[in-house]
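Protein chains in written order, with this note's numbering: chain A, 3 to 488; chain B, 273 to 417. C-beta: ideal position from N, C-alpha, C; glycine also.
Below is the structure:
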């Protein structure tokens, strides 16, 4: 198979026409994966053997006339998703030897659709980071410039798809962890509505914000893969009972009459001027496609980062209390007593950023401080959600930047957590309000990709994918491949 | 700073902070992110300019059951102080009369399920990930002398 590898849609068509078998296709990706690993460090675990077995099974299913659109298509999973019998680390020393006894619902859904798992992708530890530098397994590098970060926390997913070493990848987004790395690596990312995809078997960080999604080459690919990973799951108490549409059916719909809102607060002085120009250019494309553009204001949105850094650490400190050195995960040597076992296992097993967030959350939830921090943050969250709800009475979708700057140098923002946290200034709002969001490539600044963010009302994934797909029919930013991987 | 029961978690700068006993109180009937923490009626005004000291960090780490190295403590004194100063921006939000958000989707609440057995016994499989087991039991250091 020749490189650069094409889209999931093209691979699906090639498999259907028997131009190549899934075994041939999978072998080609496994080779690309192995040769790119020393450069990018995108994978934590490569599962070549089981991938070839799954590919052979997919070919047999096709021969027997039991093939669907995704049968035999290789994909990779972020290492936050539990995969039965396969090491699942969440990027942490704490789970470095954890072999999951079950599959996440997202994983089993995509497996049932016939996809072949290539391996488990690198990520910030417990999805806490915006640069993939907090991974216990080392940083991931940006395929467009290997001195640069790929973004995070789904940095492995974004880098792998950008370098075309995986046709598509699962990812998760708690405050921007799909959209920001998608922007920094020049690929398409979608974070669906909260509750759209089951969180069962997805290692929890902040349960009221975490949502599974995808990083793909194109919106069309995302539409193909999103269906099988969506839907009601009784194993997730926040999974929503709402029918899953065929996202591919409406991709080509006209955008005539669509009203696009530009959030005033997104175009602030923190936005890099060259990035803003790429965003403005993309908006012009939408106007040519027949969309109407108007400005809307979300005055409380600038408070989304401080709100997030109360809510997310609070939920993190509760969720990560399960790592106690007793039932699974890292355990310290020769504990003196039970408290020593807990404290040293956790102190040794968690990295610096995870400990920072656990402590932040422990403090804001401690009695006497709950009102001042957590309850207040949940009130501001209500204000931010109301701002979005009002905006969506005036427009169908919101467009703006995904990230204030293109990719930055590895190490550049490690010393100051606040500077790092502000990378997610444009993405966090959608998580706080449970809204779906996307990032699609819309150009380059000095050789580095820029992402256009799309935010929609709850359960408007089909409309967002339609808008993204129409833009991608007019432009080819999403088809650009970094020179080293072309 | 006291370490015994009863005065757990007194942070060192009472001038800046509302008073509380610092302990996390879990409601036994709820779990997950919706777990309700007891709200201390003594908490009044929100904290302002935050500056945590070494004793505060040691106390937070103890509540979180995290052992910190000597080198880590000053790093967290600095970064947590900066984080709390940063989230102090929330003080200026017009939150009077606003209901705290309880679920990211409007009108939805946590679904409950019937209290019946739904899972099969997979103890042996699950214990393959346990650091120390014996006769199907998880082993920990002796708790009662």
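Backbone CA spacing between residue i and residue j [nearest angstrom]
i	j	result
residue 450 of chain A	residue 273 of chain A	15 Å
residue 143 of chain A	residue 158 of chain A	8 Å
residue 218 of chain A	residue 190 of chain A	5 Å
residue 416 of chain A	residue 338 of chain B	22 Å
residue 118 of chain A	residue 90 of chain A	17 Å
residue 377 of chain B	residue 435 of chain A	7 Å
residue 224 of chain A	residue 135 of chain A	26 Å
residue 44 of chain A	residue 139 of chain A	10 Å
residue 374 of chain A	residue 58 of chain A	58 Å
residue 397 of chain B	residue 104 of chain A	10 Å
residue 124 of chain A	residue 160 of chain A	10 Å
residue 406 of chain B	residue 209 of chain A	33 Å
residue 41 of chain A	residue 410 of chain B	42 Å
residue 75 of chain A	residue 345 of chain A	44 Å
residue 342 of chain B	residue 358 of chain A	15 Å
residue 265 of chain A	residue 297 of chain A	6 Å
Interface residues of chain A facing residue i [CB-CB closer than 8 Å]
i	result
residue 413 of chain B	337, 338, 339, 340, 342, 343
residue 346 of chain B	Result: empty, since nearest Cβ-Cβ is about 13 Å, beyond 8 Å.
residue 371 of chain B	381, 384
Contact list for residue i against chain B, beta-carbon separation under 8 Å
i	result
residue 361 of chain A	329, 332, 333, 336, 338, 348, 352
residue 346 of chain A	339
residue 420 of chain A	354, 355, 358
residue 100 of chain A	401
Residue i (DSSP reduced to helix, strand or coil)
i	result
residue 213 of chain A	strand
residue 495 of chain A	Nothing about residue 495 of chain A can be reported from this structure: the residues present for chain A run from 3 to 488 only.
residue 310 of chain B	Residue confidence for residue 310 of chain B is low, a pLDDT of 28 falling below 50, so the modelled location carries little weight; the figure read from the coordinates is stated next. Residue state, collapsed to three classes: coil.
residue 476 of chain A	helix
residue 79 of chain A	strand
residue 33 of chain A	helix
residue 383 of chain A	helix
residue 52 of chain A	helix
residue 265 of chain A	strand
residue 457 of chain A	strand
residue 430 of chain A	helix
residue 405 of chain B	strand
residue 21 of chain A	coil
residue 47 of chain A	strand
residue 246 of chain A	coil
residue 294 of chain B	With a pLDDT of only 41 at residue 294 of chain B, under 50, the local geometry of the prediction cannot be trusted, and the value read off the model is given with reservation. Looking at residue 294 of chain B - three-state DSSP - the assignment turns out to be coil, as it is neither helix nor strand.
residue 26 of chain A	helix
residue 95 of chain A	helix
residue 412 of chain B	coil
residue 290 of chain A	helix
residue 403 of chain A	strand
residue 411 of chain A	strand
residue 466 of chain A	helix
residue 130 of chain A	coil
residue 484 of chain A	coil
residue 346 of chain B	helix
N- and C-terminal bounds of the beta strand (DSSP E) containing residue i
i	result
residue 175 of chain A	170–175
residue 440 of chain A	439–447
residue 399 of chain B	Premise fails: residue 399 of chain B is in no beta strand (DSSP E) and is neither H nor E.
residue 70 of chain A	No beta strand (DSSP E) holds residue 70 of chain A; DSSP gives it neither H nor E.
residue 360 of chain A	Here residue 360 of chain A belongs to no beta strand (DSSP E); instead the alpha helix (DSSP H) covers 354–367.
Opening and closing residue of the alpha helix (DSSP H) in which residue i lies
i	result
residue 315 of chain A	306–321
residue 119 of chain A	Unbroken run through residue 119 of chain A is the beta strand (DSSP E), 118–123; no alpha helix (DSSP H).
residue 229 of chain A	221–231
residue 190 of chain A	Where residue 190 of chain A is concerned, there is no enclosing alpha helix (DSSP H), although the beta strand (DSSP E) it sits in stretches over 190–193.
The ligand GTP heavy atom lying under 7 Å from the CB of residue i
i	result
residue 231 of chain A	Among the ligands in the structure shown, none appear at all, so the ligand GTP cannot be discussed.
Where residue i meets chain B, residues with beta-carbon distance less than 7 Å
i	result
residue 379 of chain A	362
residue 327 of chain A	403
residue 460 of chain A	377
residue 330 of chain A	401, 402
Contact list for residue i against chain B, beta-carbon separation under 9 Å
i	result
residue 245 of chain A	Simply none; closest approach about 16 Å.
residue 103 of chain A	394, 397, 398, 400, 401
residue 358 of chain A	347, 348, 351, 352, 355
residue 194 of chain A	Residues of chain B passing the Cβ test: none, with the nearest at roughly 12 Å.
Partners in chain A for residue i, counting only beta-carbon separations shorter than 9 Å
i	result
residue 409 of chain B	The contacting residues do not exist; residue 409 of chain B stays about 11 Å from chain A at best.
Neighbouring residues, chain A, relative to residue i (Cβ below 7 Å)
i	result
residue 383 of chain B	239
Just checking, does the region 147–154 of chain A make contact with the region 354–373 of chain A on the three C-beta pairs under 8 Å criterion? no
Any chance the region 280–292 of chain A sits against the region 445–465 of chain A, with 3 or more Cβ pairs inside 8 Å? yes
contact_flag[the region 417–431 of chain A, the region 347–365 of chain B] where n(CB pairs < 8 Å) is 3 or more: yes
How do the region 191–202 of chain A and the region 238–251 of chain A stand: do at least 3 beta-carbon pairs fall below 8 Å, yes or no? Yes, the region 191–202 of chain A touches the region 238–251 of chain A.
Counting pairs of Cβ atoms below 8 Å between the region 423–438 of chain A and the region 457–468 of chain A, do you hit three or more? yes
Taking one C-beta from the region 398–417 of chain A and one from the region 425–433 of chain A each time, how about it: are there three or more such pairs within less than 8 Å? Three or more beta-carbon pairs separated by less than 8 Å link the region 398–417 of chain A to the region 425–433 of chain A, which places the two stretches in contact.
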